[in-house]
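Input: a single structure, listed below in structure tokens.
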Amino acid sequence: MLEVQNLSMRFGGLLAVDQVSLDVQEHEIVAIIGPNGAGKTTVFNCMSGFYKPTGGKILFEGREIQGKPDYKISRLGLVRTFQHVRLFGRMTVVENLLVAQHRHLNTNLLAGILKTPNYREKEQKSLDRAAYWLDRVGLTELANREAGNLAYGQQRRLEIARCMVTEPKLLMLDEPAAGLNPAETKDLNQLIISLKEDYNVSVVLIEHDMSLVMDISDRINVINQGRPLASGTPDEIRRNDDVIKAYLGEA
Amino acid sequence: MASHNLKHALFCAIVTLIISYPILGFNLESQGIDVTLEGAETSTVLGVLLAAVIVFLFQLFRDNVMGSLRQLPAVNPLANRKPMEQSKRLKLESTLLTLMVIGALIWPFIASRGAVDLATLVLIYIMLALGLNVVVGLAGLLDLGYVAFYAVGAYTFALLSQYYGVSFWFALPIGALLAALFGLVLGFPVLRLRGDYLAIVTLGFGEIIRILLNNMTSLTGGPNGIGGIPDPTLFGMEFGRRVKEEGNTSFHETFGIAYSGEHKVIFLYLIALVLAVITAIAIRRLMRMPVGRAWEALREDEIAAKSLGLSRTAVKLSAFTIGAFFAGFAGTVFASKQGFISPESFVFLESAIILAIVVLGGMGSQMGVILAAIAVTILPELAREFSEYRMLIFGAAMVLMMVWRPQGLMPMRRIHIELKRQE
Ligand SMILES: Nc1ncnc2c1ncn2[C@@H]1O[C@H](COP(=O)(O)OP(=O)(O)OP(=O)(O)O)[C@@H](O)[C@H]1O
Ligand SMILES: [Mg+2]
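Residue numbers (this note's numbering), protein chains in the order written: chain B, 1 to 251; chain L, 1 to 423.
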């Protein structure tokens with residue numbers, strides 16, 4: 001469903017991403033790994049429209065999306081989280097989830113001011129969806145807290161829930177396990193698998209936690225210094241000499 | 001640390017001297033056609049010196065002073081009280097509000113004419129502040145040229161009535177819509193700007209509008225302004241002693257009561273009251289609708305908002321447009337109340353005062369903004385004797401507020417949303 005062909009991104013003299021290709025099929029979890037500064041986040045930024053790539057193509061469901069504005073890409077069903085959590089800190093947890101569903105709501109101002117039945121029904125639906133996902137990530141008790149006051153792990157889960165209420169087709173997670181304790185990482189592990197199994201969402205995942213990556217990924221792409229190094233199933237990657245060298249060389 | 005404080009304190013004291021001595025220490029005396037410079041009285045000079053000493057001492061012991069100032073909120077008996085339950089609070093709030101509105105409806109019939117007139121002005125400021133609250137408090141866009149939209153509303157009515165004899169009730173929606181259109185158009189060039197840059201550009205817009213009004217003499221009368229703006233009518237009844245327009249009747253004749261100038265003042269007050277209530281309710285609804293949440297989301301984190309499919313353009317423009325719409329409302333009422341407007345009424349200071357109301361009241365909080373609007377408009381009137389020091393007192397009040405309650409009089413409280421339990 002997603003195909004990235006020879007993607008390149010240059011910042012002045014720095015070629016942060018150089019001819020990277022990858023593809024994601026439906027019902028699949030694909031990981032992108034690589035040492036720090038390899039260009040993983042930059043690939044995400046190009047895919048989600050935050051950067052306009054300097055070369056290459058990105059196809060989503062057969063349509064070229066490179067260079068499209070970020071909010072339009074997100075409306076196509078390609079939604080991401082951030083390496084550093086970005087919540088609406090002074091809004092409550094529920095409100096964070098309601099904001100994300102604005103597209104499902106009637107945008108007619110007058111209907112909203114007058115609270116027409118149609119508007120109420122839609123508002124109720126988005127409340128229900130928010131309630132469902134809060135329950136799913138275990139934040140129901142905190143629904144009316146300000147999002148900025150949550151613990152780090154809870155903020156991470158809320159960010160994923162906020163993506164899910166938009167009913168995405170492809171979810172891009174940038175280091176979702178960073179800063180989580182082992183128990184939380186295990187929960188996250190299960191959550192991501194369930195997103196794929198129960199909600200039919202494909203996932204692209206950037207992660208440094210190797211055990212998580214090896215556990216849940218269907219395929220893995222390795223990037224080193226902006227260039228693609230290897231790709232394949234977890235087993236193939238584990239045995240790949242280049243990958244071992246790159247990681248050992250780094251350590 | 002101590003030597004640093006000493007140096008800093010000395011510096012501040014000298015700056016105080018440099019600033020205040022030339023302003024207060026010299027007087028211009030005119031003798032015939034000559035103007036001579038004379039030293040002021042000794043008491044003034046002593047006063048300036050004393051001020052410098054106070055500044056010096058304050059800066060020297062600044063940490064202690066500020067520290068003890070910060071302790072003060074703990075003295076506040078309400079500070080440690082438990083927050084009221086949501087349902088109870090809402091009930092209390094709505095009862096209070098209803099009582100307030102009823103009181104405001106009855107009050108003009110017993111109050112003096114001057115007081116009612118002042119209250120109308122307060123209501124106009126409430127409308128303005130509620131509108132600016134959308135732009136600054138909710139959407140987080142620092143707009144320093146808000147007065148421009150107020151001017152558009154006022155001038156729309158003035159010009160329409162002068163050239164086409166349009167009545168207040170027709171001009172009201174036109175003025176508001178035209179102001180909204182200006183908000184939309186002026187919003188476009190500043191879409192990419194944030195913070196300081198946005199503030200500077202909007203400040204420029206405000207000035208451009210005022211200077212245009214000043215210079216398009218043939219249309220707007222320039223600095224002479226436009227007079228003879230009609231009062232609102234009640235179902236075709238005029239409030240003047242004599243009927244000005246063909247086909248209208250006059251209010252006092254229709255009801256067979258003696259003519260009184262007060263009728264008109266009270267009527268205008270009631271119109272302003274109704275419009276202010278409408279403004280408050282409409283914005284309150286908007287805050288709880290997807291647009292309102294989108295404004296706040298954009299204020300909180302623009303990148304995250306975009307990643308969820310919110311269009312920055314649409315969200316920002318809607319905030320500018322809706323804010324400007326209510327300023328247009330206020331402008332039309334203002335023009336009708338004054339009967340005469342000129343660019344003088346729409347200087348930057350107005351923008352600054354409206355912004356001060358929003359900040360003092362508590363960004364995003366409607367109750368706070370309403371209270372602050374009342375305080376900021378009425379206090380200077382009560383302290384007439386000190387009118388020379390008005391801005392000084394105003395500034396001091398702002399500084400004190402920022403030290404004590406940087407979040408404003410009544411900071412915005414998030415609404416509690418009850419969720420259905422999942423089974
Ligand atoms: N906006 C930018 N302007 C200039 N250089 C950038 C920009 N964004 C990223 N880079 C550079 O591109 C390179 C790749 O960065 P990127 O953030 O994609 O790495 P990463 O693989 O996500 O690393 P990490 O694992 O630390 O998150 C880095 O050298 C970084 O300094
Ligand atoms: Mg990264």
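For each residue, glycine too, the CB sits at the ideal point set by N, CA and C.
Nearest to L/Phe320 by CA position, among L/Gly261, L/Phe188, L/Val35, is which residue?
Within the second sequence, numbered from 1, the residue matching residue 320 of chain L stands at position 320. Checking every option, the nearest Cα to that of L/Phe320 belongs to L/Phe188.
Determine the direct distance from the alpha carbon of L/His4 to that of L/Leu60, and round the result to whole angstroms.
Position 60 of the second sequence, counting from 1, holds the residue named residue 60 of chain L. Position 4 of the second sequence, counting from 1, holds the residue named residue 4 of chain L. Cα to Cα, L/Leu60 sits roughly 9 Å from L/His4.
Pick out the complete alpha helix (DSSP H) segments inside the region 181-252 of chain L, 4 residues or longer, and give them in chain order.
195-215, 217-220
Inspect the beta-carbon positions of B/Val137 and B/Ala161 and report whether they are closer than 8 Å.
The count along the first sequence starts at 1 and reaches residue 137 of chain B at position 137. The count along the first sequence starts at 1 and reaches residue 161 of chain B at position 161. The answer is yes: Cβ separation under 8 Å.
I need the DSSP call for B/Asn6, collapsed to helix, strand or coil.
Stepping through the first sequence from its first residue, residue 6 of chain B is reached at position 6. In this structure, B/Asn6 counts as strand in the three-state DSSP scheme.
Any chance you could list the residues with Cβ under 7 Å from a heavy atom of ligand 2, keeping chain order?
B/Lys40, B/Thr41, B/Gln83, B/Asp174, B/Glu175, B/Ile206
Along the chain, where does the beta strand (DSSP E) containing B/Phe60 start, and where does it finish?
On the first sequence, position 60 is the one that residue 60 of chain B refers to. Here the beta strand (DSSP E) through B/Phe60 covers 55-60.
Note down the Cα distance separating L/Arg210 from L/Phe340, rounded to an integer number of angstroms.
As a first step, residue 210 of chain L is located in the second sequence; it is residue number 210 there, counting from the start. As a first step, residue 340 of chain L is located in the second sequence; it is residue number 340 there, counting from the start. Rounded to the nearest angstrom, the two C-alpha atoms are 16 Å apart.
For B/Ile113, return the contacting residues in chain L, with the cut-off set at a CB-CB distance below 9 Å.
Start at 1 with the first residue of the first sequence, and residue 113 of chain B comes out as number 113. Here the neighbours are Ile281, Ala282, Arg285, Leu286, Met289.
Using 8 Å as the limit for Cβ to Cβ distance, is B/Leu195 near chain L?
To locate residue 195 of chain B, count along the first sequence from 1; it is residue 195. No, no contact with chain L.
Which residues of the region 292-304 of chain L have a Cβ closer than 7 Å to any Cβ of chain B? Give them in chain order.
Arg293, Ala294, Glu296, Ala297, Glu300, Asp301, Ile303, Ala304
For B/Asn224, the three-state DSSP class (helix, strand or coil)
For the purposes of this step, residue 224 of chain B is taken as residue 224 along the first sequence, with counting starting at 1. In this structure, B/Asn224 counts as strand in the three-state DSSP scheme.
Cα separation between B/Val213 and B/Glu121?
Start at 1 with the first residue of the first sequence, and residue 213 of chain B comes out as number 213. Start at 1 with the first residue of the first sequence, and residue 121 of chain B comes out as number 121. Their Cα atoms are separated by approximately 41 Å.
Verify whether the separation of the beta carbon atoms of B/Gln66 and B/Lys72 is less than 8 Å.
Working through the first sequence from its first residue, we reach residue 66 of chain B at position 66. Working through the first sequence from its first residue, we reach residue 72 of chain B at position 72. No, the Cβ-Cβ distance between B/Gln66 and B/Lys72 is not below 8 Å.
What do you reckon, is the C-beta of B/Ala16 under 7 Å from a heavy atom of ligand 1?
Along the first sequence, one-based indexing puts residue 16 of chain B at 16. Result yes, Cβ under 7 Å from ligand 1.
If we count Cβ pairs, one from each stretch, closer than 8 Å, do we get three or more for the region 114-131 of chain B versus the region 82-98 of chain B?
yes
Cβ-based neighbour list, L/Glu302, same chain, cut-off 7 Å, excluding 5 preceding and 5 following:
The sequence position of residue 302 of chain L within the second sequence is 302, counting from 1. Once the five neighbours on either side are set aside, the close Cβ partners of L/Glu302 are Arg312.
State the Cα-Cα distance for the pair L/Leu298 and L/Leu159, rounded to the nearest angstrom.
For this step, residue 298 of chain L is matched to residue 298 along the second sequence. For this step, residue 159 of chain L is matched to residue 159 along the second sequence. So the alpha carbons of these two residues sit roughly 37 Å apart.
What does the alpha-carbon distance come out to for the pair L/Trp295 and L/Ile322?
Translated into positions along the second sequence, residue 295 of chain L becomes position 295. Translated into positions along the second sequence, residue 322 of chain L becomes position 322. So the alpha carbons of these two residues sit roughly 11 Å apart.
Between L/Lys7 and chain B, is there a C-beta pair that is closer than 8 Å?
Stepping through the second sequence from its first residue, residue 7 of chain L is reached at position 7. Answer no: the Cβ-Cβ gap between L/Lys7 and chain B never drops below 8 Å.
May I ask which residues mark the beginning and end of the beta strand (DSSP E) holding B/Leu139?
Mapped onto the first sequence, residue 139 of chain B falls at position 139. Note, B/Leu139: premise wrong, no beta strand (DSSP E); not H, not E.
Taking the runs of the alpha helix (DSSP H) that are 4 residues or longer, which of them lie wholly in the region 144-172 of chain L?
147-164
Could you check what DSSP says for B/Phe263 in three-state terms: helix, strand or coil?
Chain B is shown only over 1 to 251; residue 263 of chain B falls outside these bounds and no answer can be derived.
Where L/Ile417 meets chain B, residues with beta-carbon distance less than 9 Å
Here the question's residue 417 of chain L lines up with position 417 in the second sequence. Those are Thr92, Val94, Glu95, Leu98, Leu127, Ala130, Ala143, Asn144, listed as they occur along chain B.
Within the same chain, show all residues whose beta-carbon is closer than 7 Å to that of L/Leu212, passing over the 5 residues directly before and after it, in chain order.
Numbered from its first residue, the second sequence carries residue 212 of chain L at position 212. Correct list: empty, nothing qualifies.
What whole-angstrom Cβ distance do B/Val203 and B/Leu229 have, given they're in contact under 8 Å?
Along the first sequence, one-based indexing puts residue 203 of chain B at 203. Along the first sequence, one-based indexing puts residue 229 of chain B at 229. In fact, because the Cβ distance is near 21 Å, the residues do not count as touching under 8 Å.
Among residues of its own chain, excluding the 5 on either side of B/Ala251, which ones have a beta-carbon nearer than 6 Å to its beta-carbon?
On the first sequence, position 251 is the one that residue 251 of chain B refers to. Note that B/Ala251 scores a pLDDT of 46, beneath 50, so its modelled location is shaky; the value from the coordinates is reported in the next line. Taken in chain order, the list of residues that qualify is empty.
With distances taken between CB atoms, is the gap from L/Phe168 to L/Ser336 smaller than 8 Å?
The count along the second sequence starts at 1 and reaches residue 168 of chain L at position 168. The count along the second sequence starts at 1 and reaches residue 336 of chain L at position 336. A contact, by the Cβ cut-off of 8 Å.
From this set, B/Asn45, B/Leu7, B/Glu3, B/Gln5, which residue's C-alpha is nearest B/Ile206's C-alpha?
Numbered from its first residue, the first sequence carries residue 206 of chain B at position 206. Ranking B/Asn45, B/Leu7, B/Glu3, B/Gln5 by Cα distance to B/Ile206 puts B/Asn45 first.
Give the residues from the region 59-75 of chain B that approach chain L closer than 7 Å (Cβ to any Cβ), ordered along the chain.
Asp70, Tyr71, Ser74, Arg75
Within chain B, the residues that L/Leu310 reaches when beta carbons sit closer than 7 Å
The sequence position of residue 310 of chain L within the second sequence is 310, counting from 1. Neighbours of L/Leu310 on chain B, chain order: Tyr71, His102.
For a quick check, are the C-beta atoms of B/Asp18 and B/Gly232 less than 8 Å apart?
For the purposes of this step, residue 18 of chain B is identified with residue 18 of the first sequence, where counting begins at 1. For the purposes of this step, residue 232 of chain B is identified with residue 232 of the first sequence, where counting begins at 1. Contact flag unset, no.
Taking C-beta pairs closer than 8 Å, name the residues in chain L that B/Leu109 reaches, listed in chain order.
As a first step, residue 109 of chain B is located in the first sequence; it is residue number 109 there, counting from the start. Per Cβ cutoff of 8 Å: Leu286, Met289, Val291.
B/Arg90 - DSSP class collapsed to helix/strand/coil
By 1-based counting over the first sequence, the position of residue 90 of chain B is 90. Coil, per DSSP.
Bridge partners of L/Glu29, per DSSP?
Your numbering for residue 29 of chain L matches position 29 in the second sequence. In DSSP, L/Glu29 forms a bridge with L/Thr36.
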